[in-house]
Amino acid sequence: MNKQTILLAGAGPMAIEYAKVLKKLRKEFVVVGRGKQSATQFEKTTGIKPSIGGLEDYLSKNNFPIQEAIIAVSEDQLGTVAIKLIQYGVKSILIEKPGGSSFEDIKTVATKAGVSKTKIFVAYNRRFYSSVAEAREIIKKDGGVLSLHFEFTEIADRITPLKKAPGVKENWLMHNSSHVIDLAFFLGGQPKIFSAYIKGRLPWHPKASVFAGAGITENNAIFSYQANWEAPGRWGIEILTKNKRLILKPLEKLQVQKKGSFEISEVSLDNQVDIDFKPGLYKQVKAFLDSKQNYTAKITLLCTIAEQAGNLNFYKKILEGYHA
């Protein structure tokens, strides 16, 4: 058991994706789930038999050091599991986005991580897409982002029938749309000033169903965004540099429009790992495991829990509306 220093919490579909990557990286790990049904499917897919009964039961019966953990449990259990692992003494954790079940849950996890000096990273795997890596290179060569626009429209008809724990769909902007918002500001810089507008409501998301806003990032790039959960649409980001318009729509692909031309062409990507595994996941897990030796908060592509807690300020404004 002492060799199995990575604990994978969860045995659902996302945990299966993590297991595929860990196996490819030849890492030894243990898997802990709650229910028999998900554990059976996990074993059928990966060939690895999870322990069932929940994390608390497992930790009480298996007293061995865990150096790293990946949390891929259901959305409502993210914060609870993170705190249990912090209390157990795990010092390096990768947690599925958004890092907790709610705004307050994320803040609590961040506070406890800070006190215990636990490194916790939030799994925004789209930061590690091959398309995003190429976009970052172009942005760097062109001298930075001048402006950007992003859309985080959700397909409400697909979300309505989903079976989720209470509070998850009500916090859907954080639990799902934050993938796009995080990536947009990761590429263009964090917002330093902006106004946000909202309207409408859905039965499962009473705060708003239509979102729009604009502002300026810390890198002095002008940004705008919109999303209408009652109309057709999809996720997308457009980045404008002095020479190119970079189009990530879908986010897995990169298209480029050059200055002086109307032509839009798709960029050929070195993206085999995004084909073999869930896009972005292989590079994200590798970055997490490598962070033990090479961690520097200012240069890592990973989103720290402290960063996420700070970002709650602009997520709240986008969700509830705000006028600068």
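Read in order, the letters of the sequence shown are residues 2 to 325 in the working numbering.
No residue lacks a Cβ here, since even glycine has one placed at the ideal position from N, Cα and C.
Between which two residues does the alpha helix (DSSP H) carrying residue i extend?
i: F187; result: 179 to 189
i: A310; result: 306 to 321
i: V22; result: 14 to 25
i: V91; result: Here V91 belongs to no alpha helix (DSSP H), and DSSP marks it neither H nor E.
i: Q331; result: No statement about residue 331 is possible, as the shown extent of the chain runs from 2 to 325 and does not include it.
Using DSSP bridges, identify the partner residues of residue i.
i: L8; result: V31, A70
i: I96; result: I72, V123
i: S52; result: V33
Return the CA-CA distance between residue i and residue j, expressed in angstroms with no decimal places.
i: E138; j: R128; result: 13 angstroms
i: W205; j: K170; result: 6 angstroms
i: T47; j: L23; result: 11 angstroms
i: V32; j: D77; result: 19 angstroms
i: A166; j: N172; result: 11 angstroms
i: S225; j: A215; result: 4 angstroms
i: S210; j: E267; result: 32 angstroms
i: K260; j: I7; result: 48 angstroms
i: K284; j: N177; result: 20 angstroms
i: K92; j: K317; result: 29 angstroms
i: F195; j: A222; result: 12 angstroms
i: D277; j: K113; result: 36 angstroms
i: V181; j: F153; result: 6 angstroms
i: Y19; j: Q42; result: 14 angstroms
i: G168; j: G11; result: 20 angstroms
i: K142; j: Q227; result: 28 angstroms
i: I107; j: A310; result: 6 angstroms
i: F104; j: L313; result: 7 angstroms
i: E231; j: I71; result: 35 angstroms
i: I248; j: K118; result: 39 angstroms
i: A213; j: K245; result: 24 angstroms
i: L255; j: R35; result: 39 angstroms
i: L282; j: T161; result: 27 angstroms
i: V133; j: K200; result: 31 angstroms
i: I156; j: K250; result: 15 angstroms
i: D291; j: F151; result: 31 angstroms
i: P51; j: E44; result: 7 angstroms
i: E253; j: G100; result: 23 angstroms
i: G90; j: A83; result: 11 angstroms
i: A241; j: A40; result: Looking at the sequence itself, residue 241 is Leu, so the reference to Ala does not match. Answer to the nearest angstrom: the Cα atoms are 46 angstroms apart.
i: P280; j: Q191; result: 24 angstroms
i: I140; j: L270; result: 16 angstroms
i: N229; j: P207; result: 14 angstroms
i: I319; j: Y198; result: 7 angstroms
i: D183; j: L303; result: 11 angstroms
i: L60; j: W236; result: 39 angstroms
i: V146; j: V116; result: 36 angstroms
i: E135; j: L188; result: 11 angstroms
Provide the residue span of the beta strand (DSSP E) that contains residue i, from first to last.
i: K118; result: Premise fails: K118 is in no beta strand (DSSP E) and is neither H nor E.
I'd like to confirm something about residue i: is its beta-carbon nearer than 7 angstroms to some heavy atom of the ligand ATP, or not?
i: A209; result: In terms of ligand content, the structure shown is empty, and the ligand ATP therefore cannot be addressed.
Taking DSSP as the reference, what is the three-state secondary structure of residue i?
i: S102; result: coil
i: F289; result: helix
i: A130; result: The amino acid at residue 130 is misidentified as Ala; the sequence shows Tyr. Of the three classes helix, strand and coil, the one that applies to Y130 here is coil, per DSSP.
i: T46; result: helix
i: A136; result: helix
i: A325; result: coil
i: G281; result: coil
i: T301; result: coil
Which runs of the alpha helix (DSSP H), 4 residues or longer, sit entirely within the stretch 142 to 226? 157 to 160, 179 to 189
Which complete beta strand (DSSP E) runs does the stretch 227 to 271 hold, if anything under 3 residues is left out? 236 to 241, 245 to 249, 256 to 259, 265 to 267
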